[in-house]
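The opening residue of the sequence shown carries number 98 in my numbering; numbering runs sequentially from there.
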Amino acid sequence: MITIAVPGGSRQEIVDVMMAAQKAYGDNVHFLVFDSTDNLAPGLWTYQYCEDEEESVAAAVKAIVNGDAQILMKGLVQTRTVLKEVLKKENDLRDKTLLSHVTLVHLPQIDRQIMLTDAAMNIEPTADQLVQIIENAVEVCHSIGIKTPKVALLSSAEKFNPKMPSSVLASEVMTRMKDYKQAVIYGPLSLDLAISEKAVRHKRFEAPIAGDADVIVVPNIDVGNALYKSFVIVGNAVNGGTIVGAKVPIVLTSRSDETESKLFALDFAIKQVQV
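And the structure:
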């Protein structure tokens, strides 16, 4: 059984997600809910009343530290409060040097799923930081059964351009990871050649990644955020993300997300911890 700790979870939009997860997974999931409001669904999960948001988050993180839960899912609490508690030295939850965000996106037009990183945490990563972001994403791929993921380093064109920062960054990352064996990494690469086999055929493009990328790595948060929202608004994509690099997946839900997206994110986290 997988246990999920949820600070700020006794709010209707979060309750809807937890009930949908229970319907999908049955007794295979259990929720520990921490909140300062009344328990909206007595008997469906373990509930602990807390005085305020900070106490709710601290109690949820303590459940993780004590081994009582394997996933941390943010309810209606501030993201900064969650991350501040997770990163406290005494909690010893940092597993990697850098935390990053990985989003799983289902694209109905091409009927496949890809991962996008990092569209939510790291603003303007250096080449060294991008290497860590890639390593985090590759570890996620391995955890969900993708043995040798194909990781595309996004730029606006597939040919190296020394005047284009994203192209230079991709080239620097390629140099640093030339001996990396856990994934196929290639860039710079344009979006169409990363995920569209039709574009690959049209341009007669040949490379280690040609329309079949498992992971799209963006050069900065502006590109990632725009791409993420374009997938959703224009492409009708379903998506959900987790923060990785800690000892457990952290599900960040947004108040504006539909229940479907919140459940998709939770499902993504569950896949990461299933053995």
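All residues carry an ideal CB built from backbone N, CA and C; glycine is no exception. Model, not experiment: these values are computed from the prediction.
Give the straight-line distance between the Cα atoms of residue 127 and residue 116, rounded to the nearest whole angstrom. 10 Å
Give me, in chain order, the residues of the same chain whose beta-carbon lies closer than 7 Å to that of residue 306; leave out the 5 immediate sequence neighbours on both sides. 247, 249, 281, 283, 286, 291
Kindly indicate which three-state DSSP category residue 351 falls into: helix, strand or coil? coil
Range of the contiguous beta strand (DSSP E) that encloses residue 279: Note, residue 279: premise wrong, no beta strand (DSSP E); not H, not E.
Can you list, in chain order, the stretches of the beta strand (DSSP E) that have 3 or more residues and sit fully within the region 105-158? 126-132, 143-146
With residue 134 and residue 107 assumed to form a contact (beta carbons below 8 Å), what rounded beta-carbon distance in angstroms separates them? The Cβ separation is near 5 Å, so the contact holds.
Where residue 313 sits in the DSSP three-state scheme: strand
What does a CB cutoff of less than 7 Å around residue 166 pick up in its chain, not counting 5 residues either side in sequence? 100, 101, 102, 129, 160
Round the Cβ separation of residue 302 and residue 339 to the nearest angstrom and send it over; I've been treating them as touching at under 8 Å. That pair is no contact at about 32 Å.
Reduced DSSP category for residue 247 - H, G, I as helix; E, B as strand; rest coil: Residue state for residue 247 is assigned as strand, using DSSP reduced to three classes.
With a floor of 3 residues, list each beta strand (DSSP E) that falls wholly inside the region 160-243, ordered by position along the chain. Annotation note: the region 160-243 contains the following uninterrupted beta strand (DSSP E) runs of length 3 or greater, listed N- to C-terminal: 168-170, 197-204, 209-214.
Just to confirm, is the Cβ distance from residue 215 to residue 199 under 9 Å? Yes, they are a contact pair.
In the DSSP output, which residue or residues are listed as bridge partners for residue 334? Answer by DSSP bridge pairing: none, since residue 334 is not bridged.
C-beta contact flag for residue 251 and residue 288 at 9 Å: Taking 9 Å as the Cβ cut-off, residue 251 and residue 288 qualify as a contacting pair.
Name the DSSP bridge partner or partners of residue 341? 197
Just the C-alpha distance for residue 168 and residue 122, rounded to the nearest angstrom, thanks. Roughly 15 Å separates the two Cα atoms.
Whole-angstrom distance between residue 323 and residue 298, CA atom to CA atom: 26 Å
Going by DSSP, what residues sit across from residue 270 in a beta bridge? Beta-bridge pairing links residue 270 to no other residue.
Determine the closest residue to residue 272 out of 227, 236, 371, with distance taken between C-alpha atoms. 227
What does the alpha-carbon distance come out to for the pair residue 180 and residue 349? Rounded to the nearest whole angstrom, the C-alpha separation of residue 180 and residue 349 is 10 Å.
So, for residue 206: in the same chain, excluding its five sequence neighbours on each side, which residues have a beta-carbon less than 7 Å away from its beta-carbon? 332
CB of residue 239 within 9 Å of CB of residue 334, strictly: Going by C-beta atoms, residue 239 is not nearer than 9 Å to residue 334.
Enumerate in chain order the residues of its own chain whose CB-to-CB distance from residue 263 is below 6 Å, with the five nearest sequence positions on each side excluded. 252, 316
Please look up how many angstroms separate the CB atoms of residue 343 and residue 183, rounded, as I've assumed it's under 8 Å. 6 Å
Residues that DSSP places opposite residue 102 in a beta bridge: 129, 169
Just to confirm my understanding: we take residue 346, look at its own chain, exclude 5 residues before and 5 after, and list those with CB closer than 7 Å. What are they? Around residue 346: 168, 339, 366, 369, 370.
Taking a contact to mean a Cβ-Cβ separation below 9 Å, would you say residue 114 touches residue 359 in this structure? yes
Tell me the rounded alpha-carbon separation between residue 155 and residue 259. Distance between the alpha carbons of residue 155 and residue 259 is about 47 Å.
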